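S.K.: Please find one structure pasted underneath; my questions will follow.
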Amino acid sequence: MTERFAIYYAPGQTTALWQRASQWLGRDAATGAMLQPPVPGLMRGRLNMLVAQPARYGFHATLKAPMRLAPGTTREALEGALADFVMTRRGAAIGRLRLAIFDRTLVLMPELQSERLRQLAAQCVVAFEPFRAPLRAEDRARRAASGLSERQLMLLERFGYPYVMEAFRFHMTLTGRLAPEEAGPVQAAAQAFFAPVLEAPLTLDRLSLFHEPAPGQPLRRLVDFPFSIPVDV
35 MTERFAIYYA
45 PGQTTALWQR
55 ASQWLGRDAA
65 TGAMLQPPVP
75 GLMRGRLNML
85 VAQPARYGFH
95 ATLKAPMRLA
105 PGTTREALEG
115 ALADFVMTRR
125 GAAIGRLRLA
135 IFDRTLVLMP
145 ELQSERLRQL
155 AAQCVVAFEP
165 FRAPLRAEDR
175 ARRAASGLSE
185 RQLMLLERFG
195 YPYVMEAFRF
205 HMTLTGRLAP
215 EEAGPVQAAA
225 QAFFAPVLEA
235 PLTLDRLSLF
245 HEPAPGQPLR
255 RLVDFPFSIP
265 VDV
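Okay, so the sequence shown: first residue is 35 according to our numbering, each after it adds one.
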């Protein structure tokens, strides 16, 4: 089985943040629509090159990274587990987002990451681990070659992804890696483009199931699972 599933946070499809981020990326992962609005300060063709990788994944924050399903598990069972998970837990406040350069990529991230947000992300990692097939050797080697710390290598072996637990940083990726001379102009253009949607605080009020049908294909947003207990803001 080559398809993969991911558990992400993504804003509601009717929100201004989702719509504006999808325009920036040039693709709406929920509808599959390709979007090419102008972005002042950037040539659209150049922006399309800069956003190629995050556009394939869709606008999101990773909670459970893309995974092949373990033998004996199914998409239906995963969706059932997601429904159970959100029924018994409360979401988390994210707060206001800011633009930042993170690992040489442009991202949206909270002004301050709360412990509750980290705890909820960790619960997602653990709760859906039974659905994850073991990493393939080539995937393990690719990750291990990316300069991980000893602790991150341990997390990779245990959970199939190195940026979890205490290594988790909530972020929503807007570009691939930027050359130093591009980071400033791209961030300035993004600041103007996203300014109208960055004033209101955000809440992690749902989990979203994304699907990659085959390696290298765009991920699609399949279904949302809203938390049943209101978030304390």
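Virtual Cβ for every residue (Gly too), placed ideally from N, Cα, C. This structure is a prediction, so every number in the text was calculated from the model and none was measured.
Taking the C-alpha atoms as reference points, what is the distance between Arg203 and Glu149?
M.R.: Cα-Cα distance, rounded: 11 Å.
S.K.: Any contact of the segment 231–241 with the segment 213–222, i.e. 3+ C-beta pairs under 8 Å?
M.R.: No contact exists between the segment 231–241 and the segment 213–222.
S.K.: Count the CB pairs spanning the segment 247–267 and the segment 180–187 that are closer than 8 Å, and state whether there are at least three.
M.R.: no
S.K.: I need the boundaries of the alpha helix (DSSP H) containing Gly181, first residue and last residue.
M.R.: DSSP places Gly181 in no alpha helix (DSSP H); its state is neither H nor E.
S.K.: Contact defined as beta carbons within less than 8 Å: I believe Phe39 pairs with Leu154. What is the distance between those atoms, to the nearest angstrom?
M.R.: That belief does not hold up - the Cβ atoms of Phe39 and Leu154 are roughly 19 Å apart, past 8 Å.
S.K.: Kindly indicate the opening and closing residues of the alpha helix (DSSP H) around Tyr91.
M.R.: Run containing Tyr91: Ala86 to Tyr91, per the alpha helix (DSSP H) assignment.
S.K.: Please list the terminal residues of the continuous beta strand (DSSP E) segment that includes Val73.
M.R.: Val73 -> no beta strand (DSSP E), and no H or E assigned at all.
S.K.: Under 8 Å by Cβ, that's how I've got Pro142 and His205 pegged, so tell me the actual separation to the nearest angstrom.
M.R.: Here residue 142 is Leu; the residue named in the question, Pro, does not match the sequence. Sure, about 7 Å apart at Cβ, within 8 Å.
S.K.: Do the segment 92–101 and the segment 39–51 touch if we need at least three Cβ pairs shorter than 8 Å?
M.R.: yes
S.K.: Hey, how far is the Cα of Arg102 from the Cα of Arg166?
M.R.: 6 Å
S.K.: Which residue marks the beginning of the alpha helix (DSSP H) containing Gly106, and which one marks its end?
M.R.: First-last for Gly106: undefined, no H or E at that position.
S.K.: Rounded to whole angstroms, what's the CA-CA distance from Ala44 to Leu116? Just pull it up for me.
M.R.: 15 Å
S.K.: So, under 8 Å CB-CB, Arg61 and Ala89 are touching, yes? Tell me the CB distance rounded to an integer number of Å.
M.R.: 5 Å
S.K.: Would you report the Cα separation of Ser262 and Leu146, rounded to the nearest angstrom?
M.R.: If you draw a straight line from the Cα of Ser262 to the Cα of Leu146, it is about 25 Å long.
S.K.: So what does DSSP say about Pro168, is it helix, strand or coil?
M.R.: coil
S.K.: Can you pull the DSSP bridge partners for Asp258?
M.R.: The bridge partners DSSP lists for Asp258 are Ser242.
S.K.: Under a Cβ-count criterion, where at least 16 other Cβ atoms within 10 Å of its own Cβ denotes burial, should Arg255 be classed as buried or exposed?
M.R.: buried
S.K.: Looking at C-alpha atoms only, which residue of Glu110, Gly106, Pro71 and Ala67 is the closest neighbour of Leu243?
M.R.: Glu110
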